[in-house]
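Chains as they are written, first to last, in the working numbering: chain P, 423 to 1029; chain B, 201 to 314.
All C-beta atoms, glycine included, are put in the ideal place defined by N, C-alpha and C.
The model shown is predicted, which means the values in this text are computed figures rather than measured ones.
Set out below in structure tokens:
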């Protein structure tokens, strides 16, 4: 068996084990199930790593059933293994592995359902990252969504879980119908579902109303999953209630896959016809990214429920990734890719820390727990390190990703992007540091007595432990080390640039898929590595300063405090918008589609 | 080209969305979601439709007999399966919410806030 026959296995292996678990898992003892799931996920990690390594040499295509295209007409369904898809599949597998190891002491009465759903989720994400077919993309999208809805509602005794899962399911289903209508329209125009063939059919033609409509529908549908403003409302509801290892996957890789799908479809299918409007699209995406980044960061800093805090930080970071991708240059996309990897690891580690706190105290409310985390030992250190990493402190990978994007934007004449990055990463990192200081050091003083969060949340373990057990700490440490590795591995930046340049070349993709000619090797843009360490250090310092400011704001002079209170009406307006009512969320989705559609229509008519 | 099916698609999609937005009952909301989804079935089938063509079954017919596009029919089937899964899950969630709270009005059921 050569490596060229491996591509379907990251999907087949977890699905098969999930099916076996559902069929016979009830009779297996708990530890056997755990060992089985961990082994399976390790196998998937290795498979994805192999595929990634092979695709770094040259991307390749796998045709199911050997149905190769004839004369440029696609007959079958393909997986395209390129470094971007491979890296995302590997990220998903690593995060699932961390989640499973962490769950060793977790959920006493889970049975086979939870691991089976997690494995289904993993297989769907891997397929989503690797597929080269539009409808396949939709099917994997739905599969991962359904697994995610069910996982969100794991704690079925809690109303909040049920409502969070319901809102999540309804908004994401509306998103997937938007995608499906878009796919149907583009199939009606081109008669093709294969991304490369759709791209070849649209190549060089002016975009008419139908193509624009299809693009708007597909992009906004996937943006619902990517939690970009104004499609983001479901995210915080789902994150607050989902079990911790599931949150790791949601924040670390699932929403990023939404953005990946937008970009993949754009660069393979629509770039040939929409490239003339690149400048206009860039402005639109910059605006959407900036809005997401700022809104997420502000709401993150205003949170005291740890999981919701981390959820809003994810929205902010999705905005930053979008800004990177919207540069439409290899450097911008490479920066976003590196940032996604590092952020996935960091955010995963932080969520796992929050989970340890939840299990120990039955709550993740920062004010209620003030000072009570002193005895958690290493968790303190890891959580604070995660906060610094989130703010982009060098040498974590978040820093190099950010630096690449800032560099790319500045070269396009958008120097203001650096300011957004500085402010948003300082706010999100600062929120985590503030929470760490108040939880573990007991700093700060409760000014705001009104509590929205429930008094007591269901713990996910029954065991009382004084110190966090090693199987829970080890994955956190491993994830943070991986984030460090992303930043310290010098070859990574150049590989990312090369991968991004290949990702953004529709002609090369089409020749790879349609004529299976090995495409010309993309030469890496030879530029010196960016000097972003200063900005990274600045945002880490800013995060620490903001955290201290928030903790000791009661000691500030009266005049300054009044100044701070001026922002309160705005903040409560923002909170009111996040109403928790799914009907409102759908209104925002419709409004978002309308704005995006209007903007693209104006672009197309102006030529 | 006949525009009626596409008008039906737009109508179903929008009226379903309106139903979701204005709904006061989670079961009603779930059904509205399936109305939105029905619009995608109609869209897919009308894209593959050819006037005067038969079903895409190629046994016992001379080669070259016109048939409607089988691809979109396969897509519709997949879509129906996906829809059934989502609906089943949403209805199960609604049943659980009813058990805990005794009502299903989304205006009085909010996830965690703050």
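Under 7 Å Cβ-Cβ, which residues of chain P neighbour residue i?
| i | result |
| --- | --- |
| residue 307/B | 1003 |
| residue 286/B | 568, 591, 595 |
| residue 243/B | 603, 606 |
Since residue i and residue j should fall inside the 8 Å C-beta cutoff, what is the C-beta to C-beta distance between them, to a whole number of angstroms?
| i | j | result |
| --- | --- | --- |
| residue 831/P | residue 705/P | Rounded, the Cβ-Cβ distance is 12 Å, inconsistent with contact. |
| residue 613/P | residue 220/B | 32 Å between Cβ atoms; not a contact. |
| residue 224/B | residue 307/B | 7 Å |
| residue 772/P | residue 854/P | 6 Å |
| residue 747/P | residue 823/P | The pair is not a contact, with the Cβ atoms about 12 Å apart (cut-off 8 Å). |
| residue 646/P | residue 597/P | 3 Å |
| residue 925/P | residue 689/P | 6 Å |
| residue 549/P | residue 502/P | 12 Å between Cβ atoms; not a contact. |
| residue 505/P | residue 474/P | 6 Å |
| residue 643/P | residue 766/P | Not a contact, Cβ separation roughly 23 Å. |
Please list, in chain order, the chain B residues whose beta carbon lies closer than 7 Å to that of residue i.
| i | result |
| --- | --- |
| residue 602/P | 240, 279 |
| residue 399/P | Shown here, chain P extends from 423 to 1029; a query on residue 399/P therefore has no answer. |
| residue 557/P | 275 |
| residue 564/P | 282 |
| residue 575/P | 293 |
If we cut at 8 Å on Cβ distances, does residue i have a partner in chain P?
| i | result |
| --- | --- |
| residue 221/B | yes |
| residue 301/B | yes |
| residue 314/B | Because residue 314/B carries a pLDDT of 46, less than 50, the predicted location of this residue cannot be relied on, and the following value inherits that uncertainty. Chain P contact via Cβ: present. |
| residue 268/B | no |
| residue 208/B | no |
| residue 293/B | yes |
Would you say residue i reaches chain B, if we count a Cβ-Cβ gap shorter than 8 Å as a contact?
| i | result |
| --- | --- |
| residue 909/P | no |
| residue 738/P | no |
| residue 578/P | yes |
| residue 822/P | no |
| residue 801/P | no |
| residue 571/P | yes |
| residue 475/P | no |
List the residues of chain P that residue i touches, going by C-beta distances under 9 Å, in chain order.
| i | result |
| --- | --- |
| residue 265/B | Going along chain P, no residue has its Cβ under 9 Å from residue 265/B, so there is no contact; the nearest lies around 19 Å. |
| residue 297/B | 581, 584, 585, 588 |
Confirm, please, whether the CB-CB distance from residue j to residue i is below 8 Å.
| i | j | result |
| --- | --- | --- |
| residue 910/P | residue 817/P | yes |
| residue 239/B | residue 213/B | yes |
| residue 489/P | residue 478/P | no |
| residue 738/P | residue 758/P | no |
| residue 466/P | residue 430/P | no |
| residue 715/P | residue 846/P | yes |
| residue 577/P | residue 665/P | yes |
| residue 234/B | residue 287/B | yes |
| residue 795/P | residue 802/P | yes |
| residue 584/P | residue 297/B | yes |
| residue 484/P | residue 426/P | yes |
| residue 792/P | residue 866/P | yes |
| residue 566/P | residue 547/P | yes |
| residue 709/P | residue 902/P | no |
| residue 849/P | residue 743/P | no |
Closer than 8 Å by beta-carbon distance: list the chain B residues that pair up with residue i, in chain order.
| i | result |
| --- | --- |
| residue 610/P | 247 |
| residue 561/P | 278, 282 |
Output, in chain order, the set of chain B residues within a Cβ distance shorter than 9 Å of residue i.
| i | result |
| --- | --- |
| residue 455/P | Result: empty, since nearest Cβ-Cβ is about 23 Å, beyond 9 Å. |
For a contact meaning CB atoms closer than 8 Å, what does residue i contact in chain P?
| i | result |
| --- | --- |
| residue 310/B | 585, 1001, 1002, 1003 |
| residue 289/B | 568, 571, 572, 591 |
| residue 231/B | Within chain P, no residue comes near residue 231/B; the closest Cβ sits about 12 Å away, beyond 8 Å. |
| residue 226/B | 588 |
| residue 217/B | 596, 1008, 1012 |
Residues bridged to residue i by DSSP?
| i | result |
| --- | --- |
| residue 492/P | 495/P |
| residue 434/P | Looking at the DSSP assignment, residue 434/P forms no beta bridge with any residue, so it has no partner. |
| residue 850/P | DSSP lists no partner for residue 850/P. |
| residue 958/P | In DSSP, residue 958/P forms no bridge with anything. |
| residue 483/P | 502/P |
| residue 616/P | 555/P |
| residue 267/B | 254/B |
| residue 727/P | 787/P |
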